[in-house]
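Asker: Numbering (our numbering), first residue to last: 4 to 73. Can you read through this structure? Questions will come right after.
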């Protein structure tokens, strides 16, 4: 992923989205919004190749959930 601009190490891993949904529900939350940020033209310089840009445009590298306690 085009994350080479970070200066500190971190662990990242993929999980099925259903794992998140179930964990939130089991913790007493409902999902009120969901976003899959994609790379923008202003971020293209973070990618090393055209292929990385295409991948980032078609496959979000992160997700964001808005939750509400129920």
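Glycine included, C-beta positions come from ideal geometry on N, C-alpha and C. Note that this is a predicted model, so its numbers are computed, not measured.
(1) For residue 71, report the span of its beta strand (DSSP E) as first-last.
(2) Let me know if residue 14 comes out buried or exposed under the rule of 16 or more other beta-carbons within 10 Å of its beta-carbon.
(3) Mapping DSSP to helix, strand and coil, what is residue 27?
(4) Quick one: what's residue 34 bridged to in DSSP?
(5) What does the alpha-carbon distance come out to for the pair residue 48 and residue 57?
Answerer: The relevant details are as follows:
(1) DSSP places residue 71 in the uninterrupted beta strand (DSSP E) bounded by 67-72.
(2) Classified as exposed, residue 14 has fewer than 16 neighbouring CB atoms from the shown chains inside 10 Å of its CB.
(3) Under the three-state reduction of DSSP output, residue 27 falls in the helix class.
(4) Answer is 70, bridged to residue 34.
(5) About 13 Å.
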